[in-house]
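All residue numbers for the sequence shown refer to my numbering, where the first residue is 78 and numbers rise by one.
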Amino acid sequence: MKNEKSRIGSVWAVKVFVTALMASAVVVPIGAAIGADAVVIRAIAAWPVSCDCVVMYMKYIQEVNKRGKGRVQIRFLGGPEVTPAFEQFQALRTGIADLTHTAPSYFAGETVEGSAMDLIDPVDLRKYLKALRETDALRIINRAYEEKSSTHYLGVTVGGTGFRFLMAKPIKNLDDLRGMRIRVFGSQGAKAVQYFGASPQTIAANELYTALQRGVVDGAIRAPNDAWSFGERDVYKTMVNPPLQLSAGGLFIATRLWSKLPRDVQDLLSQTAIEYEPKVLDYYAQQDQKAIENLEKNGMKIVEVGANGKKKLDEARNAYWDEILAKSPKYGAQLRKVLEPHTRSGG
78 MKNEKSRIGS VWAVKVFVTA LMASAVVVPI GAAIGADAVV IRAIAAWPVS CDCVVMYMKY
138 IQEVNKRGKG RVQIRFLGGP EVTPAFEQFQ ALRTGIADLT HTAPSYFAGE TVEGSAMDLI
198 DPVDLRKYLK ALRETDALRI INRAYEEKSS THYLGVTVGG TGFRFLMAKP IKNLDDLRGM
258 RIRVFGSQGA KAVQYFGASP QTIAANELYT ALQRGVVDGA IRAPNDAWSF GERDVYKTMV
318 NPPLQLSAGG LFIATRLWSK LPRDVQDLLS QTAIEYEPKV LDYYAQQDQK AIENLEKNGM
378 KIVEVGANGK KKLDEARNAY WDEILAKSPK YGAQLRKVLE PHTRSGG
């Protein structure tokens, strides 16, 4: 009961904080006049406002609205209660919303190229951004998103120290994952789980805690802060370190709107996103560390893998290149050429 009260209290605290950000971010009420030439962008998110994973997204909205000075306004409509997480690209295409904060892996089925971002070595966050921003990777990825999903990727809005194997059962090493049922959230994670001889189970984030409690799954590929933010604080026995992948979430805008925006508005949206990326990674890295410390206090043990284990994590993460190349021969080959040097530990 004490853990449950603590879990609910923490979720409520995050919700209050995000609600306050929403109030300051949406500075012009719906229906208010903001000028004939104003650009109004309707925004949604894949995750509920009770999750810490939307905090920096709301700050991004707040900053764009501030810099937009009334000419550009992002209005936040809500999270998955507005449109289910896995249907949000369709919502952008059909005009229900214009902008979303989501995970590329959720839409690997239609634009597999976005999953290439999940293959970058997650250990060094600055190198992660360098791999995205200082190569042709994002140009190639956006070409694919625009052609296949009618969306344009703007930048990272959530991502800490990376997604790890968080297990509800004690394990001693990666070999102990064999035969276990592990929650995943995309086909790339499923491939990684299968590499270790485990069984991938796709479960929505807001349903994971119950699944862990009931033994539906034995663990999850999970970010520590997400686990803590969603209230999964009394179920994990083991965390494998280092992380398997970063799997950063990001901003996607509908091309039906993006293509019509004046260049200065495009620059405002993209440059603000680029400026916020280091702040995003720093914030969530700190939140991840706090979450790890709290989970340890609740009895979770950390299993540090050695050089051989790190090699296996690299191989498991990069096993998805075959899928990318099979589904996207042209873009897949281009992405592998520019990103593969950045996908191995120490690369």
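C-beta: ideal position from N, C-alpha, C; glycine also.
Per DSSP, residue 371 has no beta bridge partner at all. Note that the C-beta distance between residue 307 and residue 177 is not below 8 Å. Here residue 313 is not near residue 390, since their CB atoms are 8 Å or more apart. Nearest to residue 155 by C-alpha distance, out of 196, 248, 258 and 134, is 134. For residue 135, the enclosing alpha helix (DSSP H) covers residues 132–145. Taking C-beta atoms as the reference points, residue 318 and residue 379 count as a pair closer than 8 Å. DSSP, read as helix, strand or coil, puts residue 321 in coil. Under the criterion of beta carbons closer than 8 Å, residue 190 and residue 408 qualify as touching, at roughly 5 Å.
Here DSSP, grouped into helix, strand and coil, assigns residue 168 to helix. The Cβ neighbour count for residue 395, taken over all protein chains shown within 10 Å, is at least 16; the residue is labelled buried. Proximity to residue 384 across 370, 377, 422 and 413 peaks at 422, based on C-alpha coordinates.
Beta-bridge partners of residue 241 (DSSP): 299. Residue 408: member of the alpha helix (DSSP H) spanning 406–416, first to last residue. Separation of residue 120 and residue 160 (C-alpha to C-alpha, rounded to the nearest whole angstrom) is 11 Å.
Residue 328: member of the beta strand (DSSP E) spanning 326–331, first to last residue.
Here the C-alpha atom of residue 208 lies approximately 11 Å from the C-alpha atom of residue 196. Residue nearest to residue 413 within the set 145, 194 and 303 is 194 (criterion: CA-CA distance). Nearest neighbour of residue 117 by Cα position, chosen from 172, 162, 211 and 127, turns out to be 172. By the Cβ criterion, the region 350–357 is in contact with the region 229–239, since at least three pairs of Cβ atoms, one from each stretch, lie closer than 8 Å.
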